[in-house]
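**Student:** Sharing a structure, written as structure tokens. Questions coming.
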Amino acid sequence: MVELSGIVILGILAQWVAWKLKIPAILPLILIGLLVGPFAAEYLSSDGTKWIQPIYNGEKGLFPGESLFYFVSLAISIILFEGGLTLRMKEIKNIGPVITKLITIGSAVTFFGGAVAAHYIFYLSWEMSFLFSALIVVTGPTVITPILRHIPLKQDVSAVLRWEGILIDPIGALVAVLVFEFISVDVGGAFTKTAFIEFGKIVLFGSTFGFAFAHGLNFIMNKRLIPHYLLNVFALASVLGVFVLADEFAHESGLLAVVVMGMVLGNSNSPYLKELLYFKESLSILLVSILFILLAANINMEDLRLVLNWNMVALFAVVVFVLRPIGVLWSTYNSSLKFNEKIFISWVGPRGIVAAGIASLFGLKLAKNGVQDAEFITPLVFMVVLGTVILNATTARYLARILGVFLKKANAILIVGASKPSRLIGNYLQKNGRRVVMLDNNQNNIAKAKELGLEGIISNIYEASLEDNIELNDIGYIIALTGNSDINQFAISRFGKEFGQNGVFRLITSDELSDPNFVPKEHIFMQTDDFISLTETTRKHPAIHEIDIIDKEHYESLIELSGQDDNIIPLFLKDEEGVLHIIAEINKDDEKFTEGWQLVYLGKPYDVEKIQKEKVATKEKEKGPTETS
Numbered sequence: 001m002v003e004l005s006g007i008v009i010l011g012i013l014a015q016w017v018a019w020k021l022k023i024p025a026i027l028p029l030i031l032i033g034l035l036v037g038p039f040a041a042e043y044l045s046s047d048g049t050k051w052i053q054p055i056y057n058g059e060k061g062l063f064p065g066e067s068l069f070y071f072v073s074l075a076i077s078i079i080l081f082e083g084g085l086t087l088r089m090k091e092i093k094n095i096g097p098v099i100t101k102l103i104t105i106g107s108a109v110t111f112f113g114g115a116v117a118a119h120y121i122f123y124l125s126w127e128m129s130f131l132f133s134a135l136i137v138v139t140g141p142t143v144i145t146p147i148l149r150h151i152p153l154k155q156d157v158s159a160v161l162r163w164e165g166i167l168i169d170p171i172g173a174l175v176a177v178l179v180f181e182f183i184s185v186d187v188g189g190a191f192t193k194t195a196f197i198e199f200g201k202i203v204l205f206g207s208t209f210g211f212a213f214a215h216g217l218n219f220i221m222n223k224r225l226i227p228h229y230l231l232n233v234f235a236l237a238s239v240l241g242v243f244v245l246a247d248e249f250a251h252e253s254g255l256l257a258v259v260v261m262g263m264v265l266g267n268s269n270s271p272y273l274k275e276l277l278y279f280k281e282s283l284s285i286l287l288v289s290i291l292f293i294l295l296a297a298n299i300n301m302e303d304l305r306l307v308l309n310w311n312m313v314a315l316f317a318v319v320v321f322v323l324r325p326i327g328v329l330w331s332t333y334n335s336s337l338k339f340n341e342k343i344f345i346s347w348v349g350p351r352g353i354v355a356a357g358i359a360s361l362f363g364l365k366l367a368k369n370g371v372q373d374a375e376f377i378t379p380l381v382f383m384v385v386l387g388t389v390i391l392n393a394t395t396a397r398y399l400a401r402i403l404g405v406f407l408k409k410a411n412a413i414l415i416v417g418a419s420k421p422s423r424l425i426g427n428y429l430q431k432n433g434r435r436v437v438m439l440d441n442n443q444n445n446i447a448k449a450k451e452l453g454l455e456g457i458i459s460n461i462y463e464a465s466l467e468d469n470i471e472l473n474d475i476g477y478i479i480a481l482t483g484n485s486d487i488n489q490f491a492i493s494r495f496g497k498e499f500g501q502n503g504v505f506r507l508i509t510s511d512e513l514s515d516p517n518f519v520p521k522e523h524i525f526m527q528t529d530d531f532i533s534l535t536e537t538t539r540k541h542p543a544i545h546e547i548d549i550i551d552k553e554h555y556e557s558l559i560e561l562s563g564q565d566d567n568i569i570p571l572f573l574k575d576e577e578g579v580l581h582i583i584a585e586i587n588k589d590d591e592k593f594t595e596g597w598q599l600v601y602l603g604k605p606y607d608v609e610k611i612q613k614e615k616v617a618t619k620e621k622e623k624g625p626t627e628t629s
């Protein structure tokens, strides 16, 4: 009981440490597992036993007999299903040629190059060499995201790395599963006609069961045949059922079935998909926390000594410093990426949770079946995972600065609330060269924003996952424009430090606007109009205009006129270089905003002729009556 509770506590502690240190969680998880496992047995225990003893084949331990094998199999099936849910086929079509080539050509370079390197450096059999190379193809968002989250990169570089990690996770897992199952059909290595038939059965049953049960689950959820409170656990039971059932029909086809099931369900139009993803993500975090401490603790020092040598250094160097750059440079040839950006992408390629987890599972299975060189798979992949994560986590930020891909100033704008006034303002900002991201939990509002070419995120402002979104790395301004003053205040308070280092602004509230003693504070977007007046003006006159400012008096007359007309709302001041400024932030005693600047406003066009007449009349009045002869 102490060991079981200790694993859960240590696992969650490792996740917290990873969050605090801004590193991938897999690093502290594996290190803790090695500490309480092989290192404790070798150096810390007087009787040579591990502090946490999983034991795969034995009568004692947390998982005696084959129970560890069963637990790892079921845990990996859930993790692979969650990975499959994240793959969107339509996104593959829209990600551009660079990422498409990275997950095809780049993966092929690692797959074939890694196999050759493993065969000739470690003298592994060709079967084990190709299994090793298939496993190290996978990077994954769980290791990429923590590294990139706190490195403000240029948008193209960040997008390439992020999408590569998301897409290659399930694809690489599928390749690794296929290679493993191809090996499993004939452990003697003589791939006879019978072996190919068995492999065909695995592919047939795995893909068929995954496809059929994904559609079945989607039908049941959409028809609401199960209550909402049972939805997530029913899906979990379905995944485990498909995994076991497929294995009964064709041995070793279960992993393929859950990967296909995840991919098919992830590309459906189910309204419950997002909720399912949240649940599976939380469950995966718990399973990963337990799993990797167990797997690392299950490794023996004899296994580590197999790979702790110069051969491992050479193999690691080939994978990281030869194969990765070749794959990236080939995939990005003739692309719009600059050479320094290509070098940075080739440097950042940490291997992740799927690689280590599947390697351990396959290592256990193949070693049990007596396959030659199977004992090398788990420690080899673990060393590559540890090495790449440590290397990238410690050097990526510094290399980004050296190579000049570090974003010097975050100028993108996050607009909270995607109502019609927000979309109008966001569209204007984007047309003036600013990247704009709209955030709203209303799916219809975000859909309309995307129709205008704006980026949109369907999310609740209270969700913690926003801070993990590396697509927001270049956000430097926050403008909260919702009709809820509490949400506006919460948005700038919570995310101001993370995303608003250059400025955070919110709408003035109706109470503040009606209070004659209210002194405008900082962070106010507009001091004269609240959400109601903004919405009403947009309804009557949905257009944004620019008017040249002649001098300070002209500017003041424009502002005065806007205060007298409910159909005109000043938004920004645009300087002679085209840079937009929040009016509330401009020092009104500063003369620079007059000559060559423009007033940007929402509503009906100013009556310029009327303004000029009033200005002339004002000047004549100031001169006084003319003398009569």
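In full-length UniProt numbering, the protein residues as written are 1 to 629.
Every residue, glycine too, gets a C-beta built ideally from N, C-alpha and C.
#1: Going by the CB atoms, is the gap between residue 400 and residue 561 shorter than 8 Å?
#2: Tell me residue 436's beta-bridge partners as DSSP assigns them.
#3: Distance check for residue 406 and residue 398, CA to CA, integer angstroms please.
#4: Any contact between the region 257-275 and the region 159-179? By contact I mean 3 or more CB pairs, one from each, below 8 Å.
#5: Counting beta carbon pairs with one atom in the region 282-299 and one in the region 70-77, are three or more of them shorter than 8 Å?
#6: Run the CB neighbour count on residue 276, radius 10 Å, all protein chains shown included, and call it buried at 16 or more, exposed below.
#7: Are there 16 or more other CB atoms within 10 angstroms of the CB of residue 9, so buried, or fewer, so exposed?
#8: Cβ of residue 669 within 8 Å of Cβ of residue 12?
#9: Excluding five sequence neighbours on each side, which residues of the same chain lie with their C-beta closer than 7 Å to the C-beta of residue 355?
#10: In terms of alpha-carbon separation, which member of 456, 108, 383 and 155 lies closest to residue 310?
#11: Taking the runs of the alpha helix (DSSP H) that are 4 residues or longer, which of them lie wholly in the region 252-338?
#12: Return the residue from the list 162, 179 and 148 that minimises the CA-CA distance to residue 131.
#13: Below 8 Å, how does it come out for the region 96-103 and the region 332-339: are there three or more Cβ pairs, yes or no?
#14: Does DSSP put residue 97 in a helix, in a strand, or in coil?
#15: Give the C-beta separation of residue 558 and residue 599 to the nearest angstrom, bearing in mind that I take them to be a contact with Cβ-Cβ under 8 Å.
#16: Roughly how far, in whole angstroms, is the beta-carbon of residue 439 from the beta-carbon of residue 419, given that I think they are within contact range, below 8 Å?
#17: Apply the 10 Å Cβ neighbour rule to residue 601 and answer buried if 16 or more other Cβ atoms are within range, or exposed otherwise.
#18: Identify which residue in 46, 392 and 511 has its Cα closest to the Cα of residue 22.
#19: According to DSSP, residue 480 sits in a beta bridge with which residue or residues?
#20: Whole angstroms are fine: how far does the CA of residue 509 sit from the CA of residue 531?
#21: Would you check if the region 197-214 and the region 242-250 touch, i.e. whether three or more CB-CB distances between them fall below 8 Å?
#22: Going straight from the alpha carbon of residue 574 to that of residue 412, what length do you get?
#23: Just grab the DSSP bridge partners of residue 143 for me.
#24: Could you please give the first and the last residue of the uninterrupted alpha helix (DSSP H) stretch that includes residue 545?
#25: Counting only the same chain and skipping the five closest in sequence on each side, list residues whose C-beta sits under 8 Å from that of residue 109.
#26: Assuming the contact rule is C-beta atoms closer than 8 Å, residue 147 and residue 103 should be a hit. Round their C-beta distance to whole Å, please.
#27: So residue 217 packs on residue 235, CB below 8 Å; how close in whole Å?
#28: Expressed to the nearest angstrom, what Euclidean distance is found between the alpha-carbon atoms of residue 367 and residue 379?
#29: Since residue 478 and residue 457 should fall inside the 8 Å C-beta cutoff, what is the C-beta to C-beta distance between them, to a whole number of angstroms?
#30: With a threshold of 16 other CB atoms inside 10 Å of the CB of residue 630, please say whether the residue is buried or exposed.
#31: State the DSSP-derived secondary structure class of residue 598, mapped to helix, strand or coil.
#32: When DSSP builds the beta bridges, which residues end up paired with residue 210?
#33: Taking just the CA atoms, how far does residue 318 sit from residue 229?
#34: Can you tell me the Cα-Cα spacing of residue 34 and residue 43, whole angstroms?
#35: My understanding is that residue 474 touches residue 341, with C-beta atoms under 8 Å, so please give their C-beta distance in whole angstroms.
#36: Suppose you measure from the CA of residue 528 to the CA of residue 143; what does that come to, to the nearest Å?
**Tutor:** The relevant details are as follows:
#1: Taking 8 Å as the Cβ cut-off, residue 561 and residue 400 do not qualify as a contacting pair.
#2: Paired residues: 413.
#3: Rounded to whole angstroms, residue 398 to residue 406 spans 9 Å at the Cα level.
#4: These segments touch.
#5: The region 70-77, when compared against the region 282-299, does touch it at the 8 Å Cβ threshold.
#6: A residue is called buried once 16 or more other Cβ atoms fall within 10 Å of its Cβ, and residue 276 is buried on that count.
#7: It counts as exposed.
#8: Given that the chain is displayed from residue 1 to residue 629, the structure contains no residue 669 and the question cannot be resolved.
#9: Counting only Cβ-Cβ distances below 7 Å, and skipping sequence neighbours, we find 135, 136, 138, 381 and 385.
#10: Measuring from the Cα of residue 310, the nearest candidate turns out to be 383.
#11: The region 252-338 contains these whole alpha helix (DSSP H) runs: 254-266, 273-298, 301-307, 310-318 and 324-331.
#12: Ranking 162, 179 and 148 by CA distance to the CA of residue 131 puts 179 first.
#13: Touching, yes, given that three or more Cβ pairs across the two stretches are closer than 8 Å.
#14: Taken through DSSP and simplified to helix, strand or coil, residue 97 comes out as helix.
#15: Between residue 599 and residue 558 the Cβ distance is about 6 Å, and since that is below 8 Å, they are a contact.
#16: Not a contact, Cβ separation roughly 12 Å.
#17: With 16 or more Cβ atoms within 10 Å of its Cβ, residue 601 is classed as buried.
#18: The residue with the shortest Cα to Cα distance from residue 22 is 392.
#19: 416 and 506, per the DSSP bridge assignment.
#20: Cα to Cα, the separation comes out at about 8 Å.
#21: Enough Cβ pairs lie closer than 8 Å, so yes.
#22: Rounded to the nearest whole angstrom, the C-alpha separation of residue 574 and residue 412 is 17 Å.
#23: As far as DSSP is concerned, residue 143 takes part in no beta bridge.
#24: Here residue 545 belongs to no alpha helix (DSSP H); instead the beta strand (DSSP E) covers 544-548.
#25: 323, 326, 327 and 330.
#26: That belief does not hold up - the Cβ atoms of residue 147 and residue 103 are roughly 19 Å apart, past 8 Å.
#27: Yes, they are in contact, since the Cβ atoms of residue 217 and residue 235 sit about 6 Å apart, within 8 Å.
#28: C-alpha separation (whole angstroms): 13 Å.
#29: At roughly 13 Å, the Cβ-Cβ gap does not stay under 8 Å, so residue 478 and residue 457 are not in contact.
#30: Nothing about residue 630 can be reported from this structure: the residues present for the chain run from 1 to 629 only.
#31: If DSSP states are grouped into helix, strand and coil, residue 598 belongs with the strands.
#32: Residue 210 is not bridged to any residue.
#33: C-alpha separation (whole angstroms): 50 Å.
#34: Rounded to whole angstroms, residue 34 and residue 43 show a C-alpha spacing of 12 Å.
#35: Incorrect: roughly 14 Å between the Cβ atoms, too far for contact.
#36: As the crow flies, the alpha-carbon of residue 528 is around 47 Å from that of residue 143.
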